[in-house]
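Q: Numbering (UniProt numbering), first residue to last: 1 to 502. Just so it is clear, CB atoms sit at the ideal spot from N, CA and C, and this is done for glycine as well. Quick one: the structure is below, and I'll ask about it shortly.
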């Protein structure tokens, strides 16, 4: 079933935790890992960044994960011996989600696993967001970075909801790097605070989903409201005002169009990258509507796409074929549609044994589709196999299936700059990074390699990184113009980060 995304009773964002784990040997050793450092965050309004490393950049925490209280007691050792003892690998243990901590143990952040890690609190939880394209170039790798996003709130009262248009700048490298040979152009001002500038637009009802029309000439944004309406806004002036002193955008702009065909709320929303102004929206009753742009406005087809028997959870336009799109549903299916034929899907596959919450169509390899389910399983599909299976009256099997997450998959997305990489978020408070092109070398690997990472835990060779610290992660996106940069939103706020292996 479609799951209502509730805001917590207390709207203040508190107890924010940030950390990560890099369990892959070769990228970081098995001693490297993890982080969860609680930080109290009181947020009264927009505009607060939390820099976890402001106070500990001078500390050589290295790869400490679990602190042993007994080491702190006097034992007659001199200082040199204590320092040598603290550096022994046996003092560090890798933490993986679900493991219990013994008395006296705590988790601390391993700064070295991130090139950059910043967190941001907001007035109300934003359970959906999207990245606004900018004119700062593509393939960006240098620091400090700048990014623009739009997010929608889930306020306690419907009248308090709004869209946040945000510019995050001065996003410096936060990695503690002792390598004297490394580039140090950015190191001299590591302690400078990031800057957050924002604009707000009132929004009637909570925002279930936000999607930006992927065309640079304007900033058109669609929102799925919990009132059952899909609104389309032109936020071009609001975005421009973030870079133009003295430009004051309209305080309460109205939507330039509202989709009124749906009879209930929904979560599925996607703009076409090939046909400007083509928007799909899917609701909890299984209906999918197509809205298209006209010379003067938008219009929504009267007839929906028929087929799903339960809530439509996600929609994805094909990145290479203008009239093809995919849908996923709580009826456990993924369907491939021709937008010119509303009567039935061209392909219909029973993909999971639970709700199919999210899908992601690979942007450059058109036959690859990723899906995430309510049972915590996510799969990779080779769509070339589906027509053959249909012809043979068989059920196609995924090219790969992974059961790592211990809660429903809430977001999944292929990396735009790496053909085999993707990110997955779950209700188990994990955001994981994967490279599906990797396989375990059974002949070359140590038979005990799996337990070297953590006793009793077999880490898949494709798992590259585990990011933790946010509670109830709902959505993630790779930045399309900044290589390896990820942004995620949760009930506890936003994280923007870049790992050492992305």
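1. Let me know if residue 78 comes out buried or exposed under the rule of 16 or more other beta-carbons within 10 Å of its beta-carbon.
2. Could you check whether residue 419 and residue 365 sit closer than 7 Å to each other, using their CB atoms as the reference points?
3. The alpha helix (DSSP H) with residue 375 in it runs from where to where?
4. Under a three-way DSSP split, which group does residue 124 fall into?
5. I'd like the list of long-range same chain contacts for residue 228, defined as Cβ closer than 7 Å, with 5 residues on each side in sequence excluded.
6. Extract the residue ranges of the alpha helix (DSSP H) inside the region 218-281, only unbroken runs of 4 or more that lie entirely within it.
7. Reducing DSSP to helix, strand and coil, say where residue 385 ends up.
8. Starting from residue 293, trace the beta strand (DSSP E) both ways and give me its first and last residue.
9. Are there 16 or more other CB atoms within 10 angstroms of the CB of residue 462, so buried, or fewer, so exposed?
10. Do you know how far the Cα of residue 192 is from the Cα of residue 311?
11. State the DSSP-derived secondary structure class of residue 341, mapped to helix, strand or coil.
12. To which residues does DSSP link residue 413 through a beta bridge?
13. Can you check whether the CB of residue 358 is closer than 7 Å to the CB of residue 288?
14. Would residue 344 be called buried (16 or more neighbouring beta carbons within 10 Å of its own) or exposed?
15. Can you tell me whether residue 146 is helix, strand or coil according to DSSP?
16. Below 8 Å CB to CB, which residues in the same chain sit around residue 88 once its five sequence neighbours on both sides are set aside?
17. To the nearest angstrom, report how far apart residue 380 and residue 273 are at their CA atoms.
18. Find the nearest neighbour of residue 255 within the set 353, 223, 247, judged by alpha-carbon distance.
19. Mind reading off the beta-carbon distance from residue 128 to residue 208? Whole number of angstroms is fine, and I expect it under 8 Å.
20. Going by Cα to Cα distance, which pick from 386, 434, 389 is closest to residue 402?
21. Could you please give the first and the last residue of the uninterrupted beta strand (DSSP E) stretch that includes residue 429?
22. Give me, in chain order, the residues of the same chain whose beta-carbon lies closer than 8 Å to that of residue 171; leave out the 5 immediate sequence neighbours on both sides.
A: Short version:
1. Walking along the chain shown from the start, residue 78 turns up at place 78. Confidence at residue 78 is low in this model, with a pLDDT of 41, below 50, so its placement is unreliable and the value that follows should be read with caution. That one is exposed.
2. Your numbering for residue 365 matches position 365 in the chain shown. Your numbering for residue 419 matches position 419 in the chain shown. Cβ atoms of residue 365 and residue 419: closer than 7 Å.
3. The count along the chain shown starts at 1 and reaches residue 375 at position 375. Here residue 375 belongs to no alpha helix (DSSP H), and DSSP marks it neither H nor E.
4. Taking the first residue of the chain shown as position 1, residue 124 is located at position 124. Of the three classes helix, strand and coil, the one that applies to residue 124 here is coil, per DSSP.
5. As a working note, residue 228 is residue 228 in the chain shown. These residues qualify, in order along the chain: 262, 263, 264, 265.
6. 236-241
7. For the purposes of this step, residue 385 is taken as residue 385 along the chain shown, with counting starting at 1. In the structure shown, residue 385 sits in a helix (DSSP, three-state: H, G or I).
8. By 1-based counting over the chain shown, the position of residue 293 is 293. Its beta strand (DSSP E) spans residues 288-293.
9. Taking the chain shown and counting its residues from 1, the one referred to as residue 462 is at position 462. Buried, because 16 or more other Cβ atoms sit within 10 Å of the Cβ of residue 462.
10. Within the chain shown, the letter at position 311 stands for residue 311. Within the chain shown, the letter at position 192 stands for residue 192. About 46 Å.
11. Position 341 of the chain shown, counted from the start, is the residue given in the question as residue 341. The answer is coil: DSSP assigns residue 341 none of H, G, I, E or B.
12. In the chain shown, the residue the question calls residue 413 occupies position 413. DSSP, once it has assigned bridges, lists 423 as partnering residue 413.
13. Here residue 288 is taken as the residue at index 288 of the chain shown, counted from 1. Here residue 358 is taken as the residue at index 358 of the chain shown, counted from 1. Not a contact, by the Cβ cut-off of 7 Å.
14. For the purposes of this step, residue 344 is taken as residue 344 along the chain shown, with counting starting at 1. It counts as exposed.
15. The residue you call residue 146 lines up with position 146 of the chain shown. Reduced to three states, the DSSP call for residue 146 is strand.
16. Reading the chain shown from its first residue, position 88 is the one you call residue 88. Because the pLDDT of residue 88 is 44, which lies under 50, any placement of that residue in the model is unreliable, and the question is left without a value.
17. For this step, residue 380 is matched to residue 380 along the chain shown. For this step, residue 273 is matched to residue 273 along the chain shown. The straight-line gap from Cα to Cα measures roughly 22 Å.
18. Here the question's residue 255 lines up with position 255 in the chain shown. Looking at the Cα atoms, 223 is the closest of the given residues.
19. Within the chain shown, residue 128 is the residue found at index 128, counting from 1. Within the chain shown, residue 208 is the residue found at index 208, counting from 1. Sure, about 7 Å apart at Cβ, within 8 Å.
20. Along the chain shown, one-based indexing puts residue 402 at 402. Of the listed residues, the one whose Cα sits closest to residue 402 is 434.
21. Residue mapping note: residue 429 aligns to position 429 of the chain shown, counting from 1. Neither: residue 429 is in no beta strand (DSSP E) and is coded neither H nor E.
22. In the chain shown, residue 171 corresponds to position 171, counting from 1. Excluding residues within five positions, the ones whose Cβ falls inside 8 Å are 116, 118, 143, 144, 145, 146, 147, 194, 496.
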